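Using my numbering, the letters of the sequence shown correspond one by one to residues 5 to 244. A virtual CB, placed ideally from N, CA and C, is assigned to each residue, including glycine. Everything numeric in this text was worked out from a predicted model, so none of it was measured. Here is the structure we will look at, set down as structure tokens.
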Amino acid sequence: MATIEAIGLSKRYGARNALEELTFTADAGEVIGLLGPNGAGKTTTIRMLTTILEPTGGTFSVAGVPGDQPHRIRQRIGVLPENAGYPPRQTGGEYLRYAARLFGHGRQAARDVSDRLLNDVGLGGRAGERISTYSRGMKQRLGIARALVNDPVVVFLDEPTLGLDPAGQREILATIGEIRRDATVLLSTHTLTEVEQVCSTVLILDHGTLRAAGPIHEVVAGAHSLSDAFFRLTEEDRHD
Ligand SMILES: Nc1ncnc2c1ncn2[C@@H]1O[C@H](COP(=O)(O)OP(=O)(O)OP(=O)(O)O)[C@@H](O)[C@H]1O
């Protein structure tokens with residue numbers, strides 16, 4: 005069974021089509037790279053699939069739950085939003101335990117899941133320190149741990165490596181490699197090299213329209229590289 009299914013998913017803001025008739029499916033164990041220039045519709049897609057934004061057309065299901073049951077979808081997904089904010093005075097451990105309690109874990113279970121996830125993302129040694137002392141990369145890793153607290157079927161990561169140095173990027177990519185064992189990952193990014201490293205499939209959007217979809221080698225076929233294919237698919241109407 006598909007873990008994400010979008011059929012003709014569309015979003016219109018007034019006269020502007022932010023997303024037009026997006027159709028795709030994803031399965032467990034897949035890491036899907038959602039690519040496209042600024043304004044292509046990536047965040048809009050993620051916001052609809054995570055039930056933050058209502059589509060103006062089309063249907064979707066996530067984790068086997070139809071889009072008209074947002075509460076049930078939210079129980080089964082994890083999300084690292086674009087520009088995630090964190091309470092600076094809380095420690096990483098407090099933040100994560102609180103998130104685990106929100107998903108119904110008892111006190112001890114929340115502590116256990118929080119400890120395990122902080123270790124998994126390499127923050128075990130800093131769990132007792134305030135988030136205000138964390139670097140950007142550490143905050144991103146905390147956000148990923150937060151996204152995993154409910155053992156999600158699908159994880160949405162909106163530009164998780166934005167602003168990170170190469171070591172920070174590598175750590176996040178390694179974490180994504182771990183997540184894929186249990187879940188589907190939808191990853192929005194501008195960094196094509198990281199897509200080549202971690203994604204099985206890509207979706208390339210431009211001006212709200214899907215320009216290519218499929219395994220990387222199929223999308224690259226006929227071009228020199230993913231970056232070459234990306235520019236061929238997206239730059240023709242760049243000067244508007
Ligand atoms: N609240 C809104 N009201 C009106 N237009 C919006 C709104 N949010 C997004 N848009 C428009 O929808 C289109 C898609 O935006 P979106 O944020 O999904 O793109 P993106 O691919 O995530 O871009 P970026 O890479 O810059 O984050 C853009 O033209 C944008 O201006």
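Can you tell me which residues form a DSSP beta bridge with residue i?
{"i": "residue 239", "result": "Residue 239 pairs with nothing; no bridge assigned."}
{"i": "residue 23", "result": "15"}
{"i": "residue 62", "result": "Paired residue(s): none; residue 62 is not in a bridge."}
Can residue i and residue j be called in contact, C-beta distance under 7 Å?
{"i": "residue 96", "j": "residue 131", "result": "yes"}
{"i": "residue 60", "j": "residue 15", "result": "yes"}
{"i": "residue 219", "j": "residue 187", "result": "no"}
{"i": "residue 230", "j": "residue 208", "result": "no"}
{"i": "residue 145", "j": "residue 125", "result": "yes"}
{"i": "residue 179", "j": "residue 173", "result": "no"}
{"i": "residue 201", "j": "residue 168", "result": "no"}
So, under 8 Å CB-CB, residue i and residue j are touching, yes? Tell me the CB distance rounded to an integer number of Å.
{"i": "residue 190", "j": "residue 148", "result": "So it is not a contact: roughly 13 Å between Cβ atoms."}
{"i": "residue 162", "j": "residue 27", "result": "Wrong, their Cβ atoms sit about 21 Å apart, outside the cutoff."}
{"i": "residue 245", "j": "residue 62", "result": "Within the shown structure, residues of the chain are numbered from 5 to 244, placing residue 245 beyond reach of any answer."}
{"i": "residue 224", "j": "residue 37", "result": "So it is not a contact: roughly 12 Å between Cβ atoms."}
Between the C-alpha atoms of residue i and residue j, what's the straight-line distance to the nearest angstrom?
{"i": "residue 75", "j": "residue 30", "result": "21 Å"}
{"i": "residue 5", "j": "residue 100", "result": "31 Å"}
{"i": "residue 206", "j": "residue 136", "result": "35 Å"}
{"i": "residue 228", "j": "residue 19", "result": "37 Å"}
{"i": "residue 153", "j": "residue 183", "result": "12 Å"}
{"i": "residue 122", "j": "residue 128", "result": "5 Å"}
{"i": "residue 78", "j": "residue 158", "result": "10 Å"}
{"i": "residue 214", "j": "residue 88", "result": "26 Å"}
{"i": "residue 73", "j": "residue 58", "result": "12 Å"}
{"i": "residue 234", "j": "residue 39", "result": "8 Å"}
{"i": "residue 1", "j": "residue 196", "result": "Nothing in the structure corresponds to residue 1, since the chain is present only between 5 and 244."}
{"i": "residue 244", "j": "residue 106", "result": "With a pLDDT of only 49 at residue 244, under 50, the local geometry of the prediction cannot be trusted, and the value read off the model is given with reservation. Their backbone Cα atoms lie some 45 Å apart in a straight line."}
Is the beta carbon of residue i within less than 6 Å of some heavy atom of ligand 1?
{"i": "residue 40", "result": "yes"}
{"i": "residue 22", "result": "yes"}
{"i": "residue 141", "result": "no"}
{"i": "residue 2", "result": "Nothing about residue 2 can be read from this structure; the chain reaches only from 5 to 244."}
{"i": "residue 132", "result": "no"}
{"i": "residue 47", "result": "yes"}
{"i": "residue 102", "result": "no"}
{"i": "residue 167", "result": "no"}
{"i": "residue 10", "result": "no"}
May I ask whether a heavy atom of ligand 3 can be found less than 6 Å away from the beta carbon of residue i?
{"i": "residue 37", "result": "The model depicted lacks ligand 3 and carries ligand 1 instead."}
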